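**Q**
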Amino acid sequence: MGAEQADLRVLRVFTDADGSGGNPLGVHLAGAAVPPVHRQAEAARLGFSETVFVDDPERGVVDIRTPTMPLPFAGHPLVGVGWLLAREGAGPAVLRPPAGAVPTWTEGPRRWIRGRAAWAPPMVLWACASPAEVECLEGPPPGVGFAYCWAYLDEERGLVRARAFAEEAGIAEDEATGSAALRLAAALDRPLTIRQGAGSELRARPGPAGTTEVGGLVGLA
Numbered sequence: 004m005g006a007e008q009a010d011l012r013v014l015r016v017f018t019d020a021d022g023s024g025g026n027p028l029g030v031h032l033a034g035a036a037v038p039p040v041h042r043q044a045e046a047a048r049l050g051f052s053e054t055v056f057v058d059d060p061e062r063g064v065v066d067i068r069t070p071t072m073p074l075p076f077a078g079h080p081l082v083g084v085g086w087l088l089a090r091e092g093a094g095p096a097v098l099r100p101p102a103g104a105v106p107t108w109t110e111g112p113r114r115w116i117r118g119r120a121a122w123a124p125p126m127v128l129w130a131c132a133s134p135a136e137v138e139c140l141e142g143p144p145p146g147v148g149f150a151y152c153w154a155y156l157d158e159e160r161g162l163v164r165a166r167a168f169a170e171e172a173g174i175a176e177d178e179a180t181g182s183a184a185l186r187l188a189a190a191l192d193r194p195l196t197i198r199q200g201a202g203s204e205l206r207a208r209p210g211p212a213g214t215t216e217v218g219g220l221v222g223l224a
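FYI, the numbering for the sequence shown is 4 to 224, going by this note's numbering.
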């Protein structure tokens with residue numbers, strides 16, 4: 004096993020209160036040991052919806068990859084790596100993906116990040132008529148490459164059922180999508196609790212100065 008493999012951690016991000024669900028995330032803590040030319044192949048080999056390479060743990064410099072492409076910003080990788088760096092003792096207050104500076108902090112049991120909806124990958128927020136319609140989906144709407152399909156479970160409480168399909172990024176269906184939760188909370192301009200995938204829970208809410216915040220529970224896989 005190479006040094007870079009010894010420093011690989013696998014997390015589950017956005018679990019529910021019982022520790023169920025959560026989106027798997029690969030984190031190379033010694034990201035600098037993986038040359039950039041090899042990172043895309045490594046992300047494809049691992050097969051997670053995203054893999055993070057930590058280039059500077061003290062400054063929070065990170066590189067995020069799906070199995071097919073790099074991302075300037077992504078929610079579940081940043082929530083996960085923020086939690087892991089704090090656990091490992093680095094704990095920067097700001098993460099630095101290519102999109103820009105992303106504050107991160109712990110609030111109660113959850114790890115949070117703050118970003119801008121414009122940083123999230125382009126996607127269609129597809130409103131469905133009911134949670135049952137969301138459950139019955141077999142894929143994204145025709146012609147849509149990245150769809151976040153959602154419906155209110157309880158509109159008054161801001162409780163949402165959602166599923167995400169991102170075939171263009173090599174992800175048939177994503178278990179928990181922080182950037183999509185961020186975009187939805189920004190579009191609806193309200194706090195949300197989102198139940199996504201087989202058993203994940205995401206929290207999202209408007210933040211200061213036109214930002215949006217997303218947070219959730221994280222654990223080791």
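We put the beta carbon where it would ideally sit given N, CA and C, even for glycine. Since we're looking at a predicted model, the values are computed, not measured.
As a quick exercise: from E176, E171, R62, pick the residue whose alpha carbon is nearest that of P27.
**A** With distances taken between Cα atoms, P27 lies closest to E176.
**Q** Use the C-beta contact count for H41: other C-beta atoms within 10 angstroms, 16 or more gives buried, fewer gives exposed.
**A** With fewer than 16 other Cβ atoms within 10 Å, it is exposed.
**Q** Is it the case that the segment 102–116 contacts the segment 132–146, given that we only count it when at least three CB pairs across the two stretches are under 8 Å?
**A** These segments do not touch.
**Q** Helix, strand or coil, according to DSSP, for P272 in the structure here?
**A** Residue 272 lies beyond the range of the chain shown here (4 to 224); nothing can be said about it.
**Q** Which same chain residues end up closer than 8 Å to D58 when comparing Cβ atoms and leaving out the 5 residues on each side of it in sequence?
**A** Here the set comprises G34, A35, V64, V65, D66.
**Q** Counting pairs of Cβ atoms below 8 Å between the segment 87–97 and the segment 198–207, do you hit three or more?
**A** Segments in contact, no.
**Q** Looking at the unbroken beta strand (DSSP E) that takes in S203, where does it start and where does it end?
**A** Note, S203: beta strand (DSSP E), 203–209.
**Q** Can you tell me which of L156, R114, G148 puts its alpha carbon nearest to the alpha carbon of G181?
**A** Minimum Cα distance to G181 is reached at R114.
**Q** With 8 Å set as the bound, which would you pick, yes or no: does the beta-carbon of R186 sit closer than that to a beta-carbon of chain C?
**A** Protein chains in the displayed structure number just one, and chain C is not present.
**Q** Within 10 angstroms of the Cβ of S52, are there 16 or more other Cβ atoms? Answer buried if so, exposed if not.
**A** Buried is the call here.
**Q** Taking 7 Å as the limit between beta carbons, can you name the residues of its chain near T69, skipping five residues before and five after?
**A** Result list for T69: A46, S52, E53, A172, G173, I174, in chain order.
**Q** When you compare the CB positions of G22 and G222, do they come within less than 8 Å of one another, or not?
**A** Yes. Within cutoff.
**Q** Keeping to the same chain, check which residues put their C-beta closer than 8 Å to that of P60; ignore five residues upstream and five downstream.
**A** Taken in chain order, the residues that qualify are L32, L88, E91, A93, P95.
**Q** If you measure between the beta carbons of I197 and A184, is that distance less than 8 Å?
**A** Closer than 8 Å, so yes.
**Q** Mapping DSSP to helix, strand and coil, what is C152?
**A** In this structure, C152 counts as strand in the three-state DSSP scheme.
**Q** Terminal residues of the continuous alpha helix (DSSP H) containing L162?
**A** Element bounds for L162: not the alpha helix (DSSP H) but the beta strand (DSSP E), 162–169.
**Q** Please return the same chain residues whose Cβ sits closer than 6 Å to the Cβ of P143, not counting the five positions on each side in sequence.
**A** Within the same chain, P143 has close Cβ partners A150, F168.
**Q** Considering Cα atoms alone, identify which of A123, R62, D10 is closest to P80.
**A** Minimum Cα distance to P80 is reached at A123.
**Q** Out of W108, D157, P209, G83, which one is the CA nearest neighbour of G25?
**A** If we check each option's Cα against that of G25, G83 comes out closest.
**Q** Work out the CA separation of I116 and G78 for me, nearest whole Å.
**A** Taking the straight line from one Cα to the other gives about 8 Å.
**Q** As an exercise, report each continuous alpha helix (DSSP H) stretch of at least 4 residues that is fully enclosed by the segment 172–197, in chain order.
**A** With a minimum length of 4 residues, the continuous alpha helix (DSSP H) runs that stay inside the segment 172–197 are 181–191.
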